[in-house]
Amino acid sequence: LSVPIINPDDKQIKGTTVIVQPANEMDAGIQSLNFALITSSLIVLVIMVIPIIIAALRILSPLESIRRVSIAMAEGDFSQRADETQEGEIGDLARTINWMAEELHASFQQLSNQRNNLKQIIDSIEDGIAACNRDGKITVHNDRIYSLFGLDPQYAKNTTPDDFLARTRIGTFFSEAMSNKEAVSCVMTKDHRQIQVVVTPLISEQNMITGAVGLFRDITKEQQLEQIRRDYVANVSHELRTPLTAMRGLLEPLTEGMVKDPKDQQRYHNILLRETMRLSRLINDMLELSNIQSGTNAIELGPVNITDIAHGLFDAYDATVSEHGQTLQLHNAKHRLPPAWSNTDRTEQILVILIDNAMKFTDEGGVITIETDSNDRHVHISVRDTGIGIAADDLDHVFDRFYKADRAHNEPGTGLGLSIAQIIAEQMGAELTVKSEPGKGSCFTLSMPLADNVMRSLDQMKDVYDSHDES
24 LSVPIINPDD KQIKGTTVIV QPANEMDAGI QSLNFALITS SLIVLVIMVI PIIIAALRIL
84 SPLESIRRVS IAMAEGDFSQ RADETQEGEI GDLARTINWM AEELHASFQQ LSNQRNNLKQ
144 IIDSIEDGIA ACNRDGKITV HNDRIYSLFG LDPQYAKNTT PDDFLARTRI GTFFSEAMSN
204 KEAVSCVMTK DHRQIQVVVT PLISEQNMIT GAVGLFRDIT KEQQLEQIRR DYVANVSHEL
264 RTPLTAMRGL LEPLTEGMVK DPKDQQRYHN ILLRETMRLS RLINDMLELS NIQSGTNAIE
324 LGPVNITDIA HGLFDAYDAT VSEHGQTLQL HNAKHRLPPA WSNTDRTEQI LVILIDNAMK
384 FTDEGGVITI ETDSNDRHVH ISVRDTGIGI AADDLDHVFD RFYKADRAHN EPGTGLGLSI
444 AQIIAEQMGA ELTVKSEPGK GSCFTLSMPL ADNVMRSLDQ MKDVYDSHDE S
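Its first residue numbered 24, the sequence shown is counted upward by one per residue in the numbering used here.
If you want it as structure tokens, here you go:
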């Protein structure tokens, strides 16, 4: 390194100062200086970055908390909460997110409760219900719809509603309702059952089809009741028309003076009287049946001595049966039976119907037997005859109103007696059964509960109620 020496007076160079240093010493100094500069720069950088990082973390940490809560909310978890300790806009944002989470949780909880209530309501309905979207996919249904179509509960667990539609082919009703934009109503037959189907399309305010809802109801019993009603009306009309037609056929010639012989007139009058009495019996039986079925007159039950009833009926009907050329017998009546839980008058009414019925269908020389028996639960009294018997196909219908076996159509009677007897037995808690074989006779048995068993049960119930009242 050289530096000139200049005279300040005349500005002339007087000499030169030269400093000489080895090159390696110069490089070492430069390196030392560079190291110092780099070190100081790094120290300054660290001093500047640390506050920046701290400040960034203070901002990013609440934002990360908000992001985490937002993702949880999107996944349906509303229990997460963001950090609200920050001041300023970030703290406000966190509080807003938390408030929104609480509101959404409350709304979803309310919707869940409403959905569960709707599910319970749909499941409690006896009819089958199913709803689908516009693509024909089932969105709502109850389990009743499976049982209506004869599918077991295990099938319902292992299948989807859409598979069910494909198996039962009721999806066509939904398609038809949505394509035509009008309700579809029909009756399906499934496993001997009648199922009423009503599918209604769902139409938006913009007149767009959004789906359809179907109602499926088992109307088998309703159809059977309707058929019974029609048969009843037809039978009543027939039973009324028969005596009225006969009476008209006799009255017209009498009125017009066509019957001159007093004996013929008397015979006509006797027939008219018989048909009038037949019509009166029919009306009385119909009224009796109606009163019994209405339940307006409750039957008072209590201990009844069946042995005494059997003896009383034997004494009352022995002569009448003999007049018909038949024999009335009494079996097992010498043994004193335990009391039955029944009603004396109604029990006698049932047995009178059975005895009258046996007399009608037993030929001269036949035998009618009143039998009594008991076990540890019931007391039985039977009316057995050696009459024409009942065919196997007719046994299931002998207690139907107006039902008569083929051979009995010409016999007197209204066809209501056995129906009345069975209904009275049911209202007393008893059971009326029949066994028969064509050509060998029939046996009708009235089975009544033992009075001791019933009273013991009533006493136990009374003790329970008394203890409940005391508590």
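Just so you know, even glycine gets a beta-carbon here, dropped at the ideal spot from N, CA and C. Please read all numbers here as calculations on a predicted model, not as lab measurements.
Checklist line | Pick from 207, 443, 332, 345 that is closest to residue 313, judged by C-alpha positions | finding: 443
Does residue 215 pass the burial test, meaning 16 or more other C-beta atoms within 10 Å, or should it be called exposed?
exposed
Sub-7 Å separation of residue 402 and residue 363 beta-carbons
The answer is yes: Cβ separation under 7 Å.
* Would residue 454 pass as a contact of residue 470 if the rule is Cβ separation under 7 Å? -> yes
Judging by CA-CA distance, which residue of 143, 136, 144, 168 is the nearest neighbour of residue 151? 168
### Query
Among residues of its own chain, excluding the 5 on either side of residue 11, which ones have a beta-carbon nearer than 8 Å to its beta-carbon?
Past the boundaries of the shown model lies residue 11; the chain is included only from 24 to 494, so the question cannot be answered.
Next item on the list: Please state if the CB of residue 348 and the CB of residue 385 are separated by a distance shorter than 7 Å.
Entry: no
Item to complete: Kindly indicate the opening and closing residues of the beta strand (DSSP E) around residue 241.
Response: 232-241
*Which whole runs of the alpha helix (DSSP H) in the stretch 265-340 are 4 residues long or more, in chain order?*
Whole alpha helix (DSSP H) segments, 4+ residues: 285-317.
Quiz item: Which word fits residue 138, buried or exposed, when buried means at least 16 other C-beta atoms lie within 10 angstroms of its C-beta?
Solution: By the 16-neighbour rule on beta-carbons within 10 angstroms, residue 138 is exposed.
Where does residue 411 sit, in a helix, a strand or coil, going by DSSP?
coil
For the alpha helix (DSSP H) holding residue 113, just list the boundary residues, first then last. 111-147
Checklist line | Burial state of residue 109, where buried means 16 or more other Cβ atoms lie within 10 Å | finding: buried
- prompt: Over what stretch of residues does the beta strand (DSSP E) that includes residue 216 continue unbroken?
  reply: Counting along the chain, residue 216 sits inside the beta strand (DSSP E) bounded by residues 216-226.
- request: Excluding the 5 residues preceding and the 5 following residue 416 in the sequence, name in chain order all residues of the same chain whose CB lies nearer than 7 Å to its CB.
  value: none
Go through its chain and collect everything with a Cβ distance to residue 352's Cβ below 8 Å, but skip five positions before and after it.
-> 390, 391, 392, 393
I need the DSSP call for residue 39, collapsed to helix, strand or coil. strand
Identity of the residue in 74, 370, 305 nearest residue 327 by Cα
Ranked by Cα distance from residue 327, the options 74, 370, 305 are led by 370.
>> What residue range does the beta strand (DSSP E) around residue 363 cover?
In response: Per DSSP, residue 363 belongs to the beta strand (DSSP E) from 363-365.
What separation, rounded to the nearest whole angstrom, lies between the Cα atoms of residue 60 and residue 69? 14 Å
Query raised in the report: How would you write the range of the alpha helix (DSSP H) that residue 203 sits in, first residue to last?
Result: 194-203
Please confirm whether residue 126 and residue 118 have their CB atoms less than 7 Å apart. Not a contact, by the Cβ cut-off of 7 Å.
Going by CA-CA distance only, name the one from 229, 239, 232 that's closest to residue 218. 239
| message | So the candidates are 105, 221, 297; which of them puts its Cα closest to the Cα of residue 235? | response | 221
Beta-carbon proximity check, residue 27 vs residue 39, cutoff 7 Å: yes
- Query: For residue 223, which option in 93, 196, 212, 241 has the closest C-alpha, if you only look at C-alpha atoms?
  - Reply: 196
Tell me residue 23's beta-bridge partners as DSSP assigns them. Residue coverage of the chain in this structure runs from 24 to 494, which leaves residue 23 outside it and unanswerable.
What residue from 71, 378, 412 has the CA that sits closest to residue 405's CA? 378
>> Considering only heavy atoms of the ligand COA, does any lie closer than 6 Å to the CB of residue 191?
In response: This structure lacks the ligand COA; in fact it carries no ligand of any kind.
- Note down the Cα distance separating residue 34 from residue 75, rounded to an integer number of angstroms. 57 Å
Discussion item. Once the 5 residues before and after residue 192 are set aside, which same chain residues still bring their CB inside 8 Å of it?
Written reply: none
Exercise for review: Taking only the alpha-carbon atoms, compute the straight-line gap between residue 41 and residue 66 and give it to the nearest angstrom.
Suggested key: 38 Å
* Three-state secondary structure assigned by DSSP to residue 390 -> strand
Please classify residue 467 as buried or exposed, where buried requires at least 16 other C-beta atoms within 10 Å of its C-beta. buried
* **Chain-order list of residues whose beta-carbon lies under 7 Å from that of residue 36 (same chain, five-residue window excluded)** => 27, 28, 29
Does the contact criterion of 3 or more C-beta pairs under 8 Å hold for the stretch 94-106 versus the stretch 126-136?
yes
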